[in-house]
Amino acid sequence: MKRAKRIGAPPGIVTLTTDFGGADGYVGAVKGVILSRFRGAEIVDLAHDLAPGDVRAASEVLLRAAPLFPARTVHLCVVDPGVGTARRGLALLSNSQLYVGPDNGVFTGVLAQGGDPLARALENWGLFRDAVSPVFHGRDVFAPIAAHLASGRDLRDVGPEVAPASLVRLDDPVPVADADGLRGQVIHVDRFGNLVTNLCAPADGAASVEIAGRRLALARTYGDAAPGELVAVVGSSGRVEIAVNGASAAAALGTSAGAVVILRAPRESS
Amino acid sequence: MKRAKRIGAPPGIVTLTTDFGGADGYVGAVKGVILSRFRGAEIVDLAHDLAPGDVRAASEVLLRAAPLFPARTVHLCVVDPGVGTARRGLALLSNSQLYVGPDNGVFTGVLAQGGDPLARALENWGLFRDAVSPVFHGRDVFAPIAAHLASGRDLRDVGPEVAPASLVRLDDPVPVADADGLRGQVIHVDRFGNLVTNLCAPADGAASVEIAGRRLALARTYGDAAPGELVAVVGSSGRVEIAVNGASAAAALGTSAGAVVILRAPRESS
Amino acid sequence: MKRAKRIGAPPGIVTLTTDFGGADGYVGAVKGVILSRFRGAEIVDLAHDLAPGDVRAASEVLLRAAPLFPARTVHLCVVDPGVGTARRGLALLSNSQLYVGPDNGVFTGVLAQGGDPLARALENWGLFRDAVSPVFHGRDVFAPIAAHLASGRDLRDVGPEVAPASLVRLDDPVPVADADGLRGQVIHVDRFGNLVTNLCAPADGAASVEIAGRRLALARTYGDAAPGELVAVVGSSGRVEIAVNGASAAAALGTSAGAVVILRAPRESS
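As you go down the protein sequences, you meet chains A, B and C in turn.
Residues in the first sequence are numbered consecutively from 1, following the working numbering.
Residues in the second sequence are numbered consecutively from 1, following the working numbering.
Residues in the third sequence are numbered consecutively from 1, following the working numbering.
Written out as structure tokens, the structure is:
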């Protein structure tokens, strides 16, 4: 069986997260290089419609999806507005998952999950494509490295080790405790218009949430509100989210990333 | 060979139909869980850009695509606006295809194709992920069940049998015969702006179609009309469609789902 | 191992390039037919969000991606506004890659790469689905042929040979040398708003580019310009591109396909 043959071996999966969209040849070029370098690769699309250059959105996608894959899956991320400049290319091993992409913050979310990452800079030109275009490292640098790692070859081949502390991280806002409770903010708006905050769910589950002058009790799911009504829930990534049942909270509140959200402990909620 | 090894076994294919779009981590999370539960799964994307909560569109996708897959393919559908509420989760066996998703109407189209479906409610928490988020059953309930079925394990494991008659079905409009002919309606507008109706193609192929005060002879294909002109054809799902050659009929007529369409028999057509 | 088993055999990969989008069942229907006909097929999505009927965009996707795949990959392209009319269906072998789709210009880019293509018209109805819809050859004609070829069966089975010179090619504009230098044009605008021209990069790399009254030195990469500033680079397909660092050149210049671009040799650049 396919499964049995791979025990002890890397799984051969390569996931792709890009801002390439679905109307150009860029996604296909990356896939072609991966399969030409390692015919056994299993390519899995995560997300290709990120806004151009949206490094934070890439970090969110990887944070939510990558840890759920089999160990030693290779997650290739090409959201790379600084392609061809001095920014480094990276290969990471973090919590048993492998990552390849630019050192520009796309790995902020996975690095925040801890687990003693190992990082190497991509400097072994012998592994890249023969001619490296300064405007498409996704195809010419990252894809060959992803194939290299997916085929089970050594992370140490790709280039010198770099200190995890030196990796670029997005400047994530940290919630602040004040007289009102815990003051955080909206950090992501998803396709449904749900407002994902940087506020972790309270352990006891009982709290209220304030946004745009509205106070909401923390509910279990979207359908706990009437259709069209605002609702605050603990989202699937463990962070507080504000939603509208059956519609977009972002549209209803005219709110986007950066909006202030306050989490009040139960005793302050009444 | 891959093929030979699977004779008599389920094919291991899992298709995905969702409203998750291409810019968030939700599609990736579902895929990660499936592959972690069953490494031999072959994941095939059907459609991820359905409008949020558009249960009818999900039904259309499954109706058109699912029956064409090898027997015992698992079709996972996550268009689930009522996630975490009392709505049931389902696994179905219908016409040799397996389906997993919410009991909210997404299976209306495949159920209408008959074939004595077997249905079970997803109640075996031992198969789900350890912590089930009330807002993401796609990841925590449906994905593990899809992996379970794709790996060839028993449909009976997932929970108790439920009566097919009890499954939620969308209230599909039925064409009505009257003095004008057969009066139906537009039930879907596709990406090309083609208007898909609920009128089955007449057996003899000869008929005319009325929409928005226009009468059209039933043609063979789009190119039978001049560029920019309206044309009525028998669509690829066997239902009458109104299109514009090289443009959008929905835009040209200002028409959307619900618009009345009348099919006249040949003798009435002149 | 999967790889070893396939030495000498076709790779079994089928790539898909369509204008079907992500909200209808058309992509899924094509995939279902391919997998039902050849269970060993590995389906790889290239691009599904081409504008409806955009044959030139399809040609661009194939040009950029197809040559990078393992030899004998089958590239199925369904951008087919003339479906069901007298336009031919084709199977091509060109530079060791196989192509299946309509004879409407989608293969212009790959044919321009030379390599003595072999072409056959799809006329063997015995290979098609039993009932061929005049409005969905992607599902009923091209998908079965793609499965046929991916499974290693003979290109000669599909129908009679046709002269490569007879194949439909888009009327690609050719740059013209004049007193100003080499006068070309924008032929594609990508998702980033980058303007891809039909001007090949000068061998010595030193030149300037004129567009919309602006003269730009040819730079190495986007980041060589300040954020928000125009920059001309040699794009990843070897053609001159005009971009804006971190934004859309198409938006900044109000420019689309057809705009004049002039490449000046170094001695004229000062």
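Every residue, glycine too, gets a C-beta built ideally from N, C-alpha and C.
| Query | Result |
| --- | --- |
| Cutting at 8 Å between CB atoms, please list the residues of its own chain near A:ALA51, excluding the five before and the five after it. | ASP19 and ALA57 |
| Would you report the Cα separation of B:PRO81 and B:GLY53, rounded to the nearest angstrom? | 5 Å |
| Between A:GLY159 and chain C, is any beta-carbon pair separated by less than 8 Å? | no |
| Looking only at its chain, what residues have a beta carbon closer than 7 Å to the beta carbon of B:ASN95, apart from the 5 residues adjacent to it on each side? | PRO67, GLN113 and GLY115 |
| Using three-state DSSP, classify A:GLY109 as helix, strand or coil. | helix |
| Using a C-beta to C-beta distance shorter than 7 Å, which residues of chain B count as neighbours of A:ASP140? | Under the 7 Å cutoff, chain B gives no residues; its nearest Cβ is about 24 Å from A:ASP140. |
| Could you tell me which chain B residues have their CB closer than 7 Å to the CB of C:THR85, listed as they occur along the chain? | THR221 and GLY223 |
| How would you list, in chain order, the residues of chain C whose beta-carbon sits under 7 Å from the beta-carbon of B:PHE192? | PRO52 |
| Which residue spans inside the stretch 214-245 of chain C form an unbroken beta strand (DSSP E) run of at least 3? | 214-219, 230-234 and 239-244 |
| Roughly how many angstroms separate the alpha carbons of C:PHE69 and C:GLN97, rounded to a whole number? | 8 Å |
| Of all the alpha helix (DSSP H) runs that stay within the bounds of the stretch 2-73 of chain B, which reach a length of 4 or more residues? | 2-5, 26-37 and 55-65 |
| Please report the straight-line C-alpha distance between A:VAL244 and A:GLU229, rounded to a whole angstrom. | 5 Å |
| Could you confirm whether any beta carbon from chain B is found closer than 8 Å to the beta carbon of A:PRO81? | no |
| Put B:PRO102 into one of helix, strand or coil per three-state DSSP. | strand |
| Are the CB atoms of C:VAL196 and C:ASN235 within a distance shorter than 8 Å? | First, the residue type needs correcting, since residue 235 of chain C is Gly and not Asn in the sequence shown. Yes, the pair counts as a contact, with Cβ atoms nearer than the cut-off. |
| Closest to C:GLY238 by C-alpha separation, out of A:VAL135, A:LEU155 and A:ARG64, would be which residue? | A:VAL135 |
| Measuring alpha carbon to alpha carbon, tell me which of C:LEU35, C:ARG87 and C:ALA259 ends up nearest C:ASP103. | C:ARG87 |
| Give the interface partners of B:PRO290 over in chain C, defined as CB-CB distance under 9 Å, in chain order. | Missing from the structure shown is residue 290 of chain B; chain B here goes from 1 to 270 and no further. |
| Listing by chain order, which chain A residues have their CB less than 7 Å from the CB of B:ILE43? | VAL44 |
| Return the chain-ordered list of same chain residues with a C-beta closer than 6 Å to the C-beta of A:ALA121, the five sequence neighbours on each side being excluded. | ARG88, GLY159, PRO160 and VAL162 |
| Please report how far the alpha carbon of A:ILE43 lies from the alpha carbon of C:LEU111, in whole angstroms. | 28 Å |
| Tell me which same chain residues have a C-beta within less than 6 Å of the C-beta of B:CYS77, skipping the five on either side of it? | THR17, ALA58, GLY101 and VAL106 |
| Between A:PHE128 and chain C, is there a C-beta pair that is closer than 8 Å? | no |
| If you count every other CB in all the chains shown that lies within 10 Å of the CB of C:GLU210, and 16 or more means buried, which is it? | buried |
| Name the two residues that bound the continuous alpha helix (DSSP H) containing A:ALA249. | 249-253 |
| So A:VAL61 and A:LEU46 are supposed to be a Cβ contact under 8 Å. How far apart are they, rounded? | 6 Å |
| Give a yes or no on whether the minimum CB-CB distance between A:PHE69 and chain B is below 8 Å. | yes |
| What's the C-alpha gap between C:ILE34 and C:VAL74? | 11 Å |
| Kindly say whether C:ARG169, judged by its beta-carbon, lies nearer than 8 Å to any beta-carbon of chain A. | no |
| C:THR221 and C:VAL233 look like a contact to me (Cβ under 8 Å); what is the Cβ gap, rounded to whole Å? | 6 Å |
| Going by DSSP in three states, A:LEU167 sits in which element: helix, strand or coil? | coil |
| Return no unless some Cβ of chain A is closer than 8 Å to the Cβ of B:PRO134. | yes |
| Within 10 angstroms of the Cβ of C:GLY254, are there 16 or more other Cβ atoms? Answer buried if so, exposed if not. | exposed |
| Are B:ILE242 and B:ALA251 close, meaning C-beta to C-beta below 8 Å? | no |
| Under a CB-based cut-off of 8 Å, is C:LEU118 close to chain A? | no |
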